[in-house]
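From first to last, the protein sequence lines stand for chains A and B.
If you're matching positions, the first sequence starts at 74 in the working numbering and goes up one per residue.
If you're matching positions, the second sequence starts at 522 in the working numbering and goes up one per residue.
Yeah, the Cβ is synthetic: ideal placement off N, Cα and C, and Gly gets one too.
Taking it in order: structure first as structure tokens, then the write-up.
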Amino acid sequence: MLRTRSRRGGFFARTLPFWLLFVPMLFIVCVQLYPGFYTFGLSLNSMVAGARKFVGLQNYSRFFGSSAFHESLVHTAVFLAGYVSLTLLASLAVVLVLNRKMKFSPLYITLIFIPWVLSDVIVGYVWKLFVDPGAGLLTPLFSLPIFGLNGQPLLIASPPAQLSPNVPFPPAPAMLYLIAAASWKALPFTSLLLLAALQTVPKELVESARIDGASSWSTFRLITLPLILPMILVALFNLTLSGMNGVGMVFSLTGGGPGTATMVLSYLLYSIGFTQIDFGQAAALSVFIFGINLILIVVSLRISRSRAELI
Amino acid sequence: MMATYRAFAARKPAARIAANIAAIGVCFIMIFPVFSTLVLSFKQQADVIRTPPQLFPCDTPSEPFNIAACRFFIEGYQRIIDLQPNPQALLGTEVRGRIINTYLPNTIFYSVTGALMVTVLAGSAGYAFSRYEFRGKRVLLIGILAITGIPLLTNLLALYQIVVDLRKATGPLFDQLVANGALTRDTARLLRDWQDRITLVCIYAGFFLPLSIWIVKGFFDTIPHELEEAAFIDGASPAQALTRVIVPLAMPSLLAAFLLTFVGIWNEFIANYLIVGTSRQNLRSVIVGVYDLTGSNLINYQVLAAACVLVMLPVIVVFLAARHTFFQAMLEGAVKG
């Protein structure tokens with residue numbers, strides 16, 4: 074109907090969608106697309122004496138061959154594995170509790186979601202204050218022998234002996250603490266996704282299974298889990314993306330340290346680009362991270378059927 | 522069958538209590554870090570550096586906790602605000618704390634302006650996507666959806682370089698105008714600052730736009746076309762239809778776009794830090810200001826905690842006031858978009 078209306082109107086009315094979309098698209102092109110190509114251009118150049126010089130793929134070969142990159146890959150993999158699995162498992166546990174009809178459910182949900190609106194950097198400070206060697210409330214707990222810190226402050230304790238000389242594994246205590254803090258921050262959003270999915274599971278289905286004598290574990294495994302699996306995958310991709318690109322908490326909590334023990338790729342990008350001022354190599358790393366982001370997004374778009382239906 | 526059901530139902534009270542206890546436990550874990558920071562921000566130095574650390578500064582030599590003996594101070598906030606007497610200023614005192622007199626107003630400016638821009642642009646684009654059919658719509662929508670997931674990080678180097686290039690492009694112009702006497706040196710500095718401010722807000726707007734377009738478009742899809750057509754049939758001009766019918770109907774989604782962007786920009790750190798954090802210190806956002814506090818090792822923890830509380834409190838209040846909007850918008854953005 075609107076279409077016939079606009080077809081009868083003048084030039085402006087006929088091209089109204091174009092004008093409505095022009096400025097928003099301009100913003101997206103300027104902030105998202107153009108810088109993307111610009112970064113690719115930067116990655117093919119090197120700054121020599123203040124002037125840009127075309128060096129082809131040299132930045133890539135130098136960077137991907139560097140030990141800093143290899144080490145950071147392992148840190149990122151450890152961080153992502155811990156962050157994604159811890160957040161998913163904890164969120165699943167939380168929503169299974171919250172899904173029950175309780176008098177104070179709205180209050181619980183509201184309180185649980187507060188960390189979601191907090192800044193990564195501030196969350197990093199809040200958690201850093203917890204383990205401060207002098208004033209941290211959790212310091213007495215973590216100095217118990219069971220944690221094996223031998224009196225060292227948690228954030229600067231050296232990592233355990235490496236399994237192999239070139240692989241920084243097992244991770245430093247600071248990395249585990251970073252994972253815990255990041256998961257705490259990500260838990261509300263992930264829970265919101267899972268809770269929304271859980272509430273679409275028909276109650277009768279679960280209850281009739283229980284009445285027929287299925288245990289709660291098998292009801293969960295055979296009925297609930299398959300139904301919320303698509304949303305778990307959406308959450309998994311969301312978490313991997315945010316974990317891959319989040320850098321604020323590393324800034325305030327560990328600063329990449331102790332040594333380079335929490336130097337994940339996103340922080341390495343900052344470190345190479347803005348402390349070593351090597352834009353060429355940092356751009357090569359940007360392109361690498363962008364490629365991973367792109368793969369994650371394409372796969373998640375394919376998986377998420379609700380998105381495809383909407384278009 | 523019935524007996525089994527009764528048995529199942531009878532198990533419920535115990536299960537309900539257990540679920541409530543578990544839920545309270547989760548709430549405690551999620552709230553405690555924020556709460557303990559709030560308490561820390563009101564401690565005095567002597568209580569901050571005590572070992573072993575105490576959550577509440579309420580112990581006496583004889584008792585571990587006595588509510589009458591609590592020692593709360595606003596020293597941390599005083600250091601952040603840093604009131605100094607100044608006969609020239611209003612009320613005879615001036616706020617010397619950079620966080621309060623510069624960084625916090627900056628953050629408010631970035632958040633409000635950016636969120637307003639995003640709301641208007643997302644409303645415009647969302648309306649076009651929802652109401653019109655045109656060639657390339659599907660491709661554009663999928664493109665925007667894909668961009669929604671891409672964080673700012675990988676574009677930062679280029680954005681930094683673009684801002685530097687922009688400064689280089691306009692710098693000589695300003696210099697020339699100052700040399701001609703068309704601008705005073707102070708006005709030129711102000712214009713340079715505003716150029717960076719506006720660039721930064723535009724970067725934020727472009728970054729938060731895709732998600733908001735999806736939220737607003739999804740909402741427009743649920744509003745029947747007939748409502749606007751009725752307005753047209755009743756003789757409304759397009760402008761009247763827009764202001765009297767379309768905008769009021771779309772208000773919940775526009776509010777959602779505004780709030781999500783507001784909180785997003787409020788919490789943004791890395792772009793502000795890299796683009797203006799070192800080169801234009803008076804344009805820093807409050808979070809960059811807090812990050813800078815810790816650069817000097819002399820920082821006291823109650824001061825850092827007070828700064829953290831000042832940053833966290835506004836967004837927590839906004840969230841609590843509009844939590845339903847947040848939940849719906851975020852689900853819309855994450856699940857469908």
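Item to complete: Measuring only between beta-carbons, confirm whether Phe529/B sits less than 9 Å from chain A.
Response: In this prediction, Phe529/B scores a pLDDT of 48, lower than 50, which makes its location untrustworthy; the coordinate-derived value is nonetheless stated afterwards. Yes, Phe529/B counts as interfacial toward chain A.
Worksheet item: Sorted by chain position, which residues of the same chain lie with C-beta nearer than 7 Å to Ala528/B's C-beta, five sequence neighbours on each side aside?
Response: Low confidence applies to Ala528/B: its pLDDT is 47, below 50, so where it sits in the model is not reliable enough to give any reading.
Discussion item. Could you check whether the Cβ of Leu642/B sits closer than 9 Å to any Cβ belonging to chain A?
Written reply: At least one CB atom of chain A sits nearer than 9 Å to the CB of Leu642/B.
Discussion item. Let me make sure I understand the geometry here. Which of Ile744/B, Arg801/B, Ile620/B and Arg710/B has the alpha-carbon closest to that of Pro693/B?
Written reply: The residue among Ile744/B, Arg801/B, Ile620/B and Arg710/B with its C-alpha nearest the C-alpha of Pro693/B is Arg710/B.
Worksheet item: Can you give the beta carbon distance from Ala247/A to Ala334/A, rounded, assuming they're within the 8 Å contact cut?
Response: About 6 Å separates the beta carbons of Ala247/A and Ala334/A, which is inside the 8 Å limit, making them a contact pair.
Item to complete: Note down, in chain order, every chain B residue with its Cβ under 8 Å from the Cβ of Thr183/A.
Response: Neighbourhood of Thr183/A in chain B, by CB distance below 8 Å: Leu841 and Arg844, in chain order.
Fill in: Closest residue to Ala690/B among Asn676/B, Val633/B and Arg713/B (Cα-Cα distance)
Of the candidates Asn676/B, Val633/B and Arg713/B, the residue whose Cα lies closest to the Cα of Ala690/B is Arg713/B.
Discussion item. Do Leu642/B and Ile734/B have their beta-carbon atoms positioned less than 9 Å apart in this structure?
Written reply: Taking a C-beta distance under 9 Å as the contact criterion, Ile734/B and Leu642/B qualify as a contact pair.
Worksheet entry | Residue environment, Trp787/B, which counts as buried when at least 16 other CB atoms sit within 10 Å | When all chains shown are included, Trp787/B counts as buried.
Worksheet entry | Straight-line Cα distance separating Asn793/B from Phe324/A | Rounded to the nearest angstrom, the two C-alpha atoms are 14 Å apart.
Fill in: Helix, strand or coil at Leu604/B according to DSSP, with G and I counted as helix
Residue state for Leu604/B is assigned as strand, using DSSP reduced to three classes.
Discussion item. Quick check: the segment 111-121 of chain A against the segment 728-742 of chain B, are at least 3 beta-carbon pairs closer than 8 Å?
Written reply: When Cβ pairs closer than 8 Å are counted between the two stretches, the segment 728-742 of chain B is seen not to touch the segment 111-121 of chain A, the count staying below three.
Worksheet item: Does the segment 717-734 of chain B come within contact of the segment 751-769 of chain B, defined as at least 3 CB pairs closer than 8 Å?
Response: In short, these stretches do not touch, since the Cβ pair count stays below three.
Item to complete: Check the Cβ-Cβ distances between Cys591/B and every residue of chain A, and say whether any is below 9 Å.
Response: Closer than 9 Å: no.
Item to complete: Count the other CB atoms, across all protein chains shown, that sit within 10 Å of the CB of Ser800/B; report buried if there are 16 or more and exposed otherwise.
Response: Here Ser800/B is exposed: its Cβ has fewer than 16 other Cβ atoms, across all protein chains shown, within 10 Å.
Item to complete: Below 8 Å on the Cβ atoms is my guess for Val809/B versus Gly597/B; work out the distance and round it to an integer in Å.
Response: Actually they do not touch by this definition, with Cβ atoms about 19 Å apart.
Worksheet entry | 9 Å Cβ cutoff, Val190/A in contact with chain B | It does: the Cβ of Val190/A has a partner Cβ on chain B nearer than 9 Å.
Discussion item. Just to confirm the assignment, what range does the beta strand (DSSP E) spanning Ala124/A have?
Written reply: Ala124 to Phe127 is the extent of the beta strand (DSSP E) around Ala124/A.
Item to complete: Take the Cβ of Lys176/A as the centre, count every other Cβ of all protein chains shown within 10 Å, and call the residue buried at 16 or more, exposed below.
Response: Looking at its Cβ environment, which holds fewer than 16 other Cβ atoms inside 10 Å, Lys176/A is exposed.
Worksheet item: Buried or exposed: where does Ile601/B fall if 16 or more other Cβ atoms within 10 Å of its Cβ makes it buried?
Response: Classification of Ile601/B: buried, given that the 10 Å Cβ count is 16 or more.
Worksheet item: Does the separation of the CB atoms of Gly330/A and Leu228/A fall below 9 Å?
Response: Closer than 9 Å, so yes.
Discussion item. Please identify the residue among Thr705/B, Arg844/B, Val811/B and Arg706/B whose C-alpha is closest to the C-alpha of Val830/B.
Written reply: Proximity to Val830/B across Thr705/B, Arg844/B, Val811/B and Arg706/B peaks at Val811/B, based on C-alpha coordinates.
Worksheet item: Nearest-angstrom Cα distance between Phe840/B and Lys258/A?
Response: Cα to Cα, the separation comes out at about 15 Å.
Discussion item. Would you say Ala827/B lies against chain A (beta-carbon separation less than 9 Å)?
Written reply: By this cut-off, Ala827/B is not an interface position.
Worksheet item: Do three or more CB pairs link the segment 295-304 of chain A to the segment 272-283 of chain A at distances below 8 Å?
Response: They touch, by the three-pair rule.
Worksheet item: So, does the CB of Met336/A fall closer than 9 Å to a CB anywhere in chain B?
Response: False, the Cβ-Cβ gap to chain B never drops below 9 Å.
Worksheet item: Nearest to Lys658/B by alpha carbon, out of Leu94/A, Met336/A and Arg375/A?
Response: With distances taken between CA atoms, Lys658/B lies nearest to Leu94/A out of Leu94/A, Met336/A and Arg375/A.
Worksheet item: So the alpha helix (DSSP H) Thr614/B belongs to, where does it begin and stop?
Response: Where Thr614/B is concerned, there is no enclosing alpha helix (DSSP H), although the beta strand (DSSP E) it sits in stretches over Thr614 to Val616.
Discussion item. Please tell me whether Gly319/A has its Cβ less than 9 Å away from any Cβ of chain B.
Written reply: Yes, contact with chain B.
Practice prompt. Grab me the residues of Leu210/A's own chain with a C-beta within less than 6 Å of its C-beta, minus the 5 sequence neighbours each way, in chain order.
Written response: Within the same chain, Phe203 come within 6 Å of Leu210/A by CB-CB distance, once the 5 residues on both sides are set aside.
Item to complete: Please go through the same chain and pick out, in chain order, the residues whose beta-carbon is closer than 8 Å to the beta-carbon of Ala208/A, but skip the five residues on each side of it.
Response: Excluding residues within five positions, the ones whose Cβ falls inside 8 Å are Leu202.
Practice prompt. Go through the segment 629-677 of chain B residue by residue and report every complete run of the alpha helix (DSSP H) that reaches 4 residues or more, in order.
Written response: For the segment 629-677 of chain B, whole alpha helix (DSSP H) runs of length 4 or above, ordered along the chain, are 658-669.
Worksheet item: Who are Met120/A's beta bridge partners in DSSP?
Response: Met120/A pairs with Arg125/A.
Discussion item. Within 10 Å of its beta-carbon, does Asp205/A have 16 or more other beta-carbons around it, so buried, or fewer, so exposed?
Written reply: Buried, since its Cβ has 16 or more Cβ neighbours within 10 Å.
Worksheet item: Mind pulling the alpha helix (DSSP H) runs of 4 or more residues that sit fully within the segment 101-182 of chain A?
Response: The qualifying runs are 107-116, 131-137 and 140-171.
Practice prompt. Report yes or no: is there a C-beta of chain A within less than 9 Å of the C-beta of Pro574/B?
Written response: For Pro574/B, the nearest CB of chain A lies under 9 Å from its own CB, placing it at the interface with that chain.
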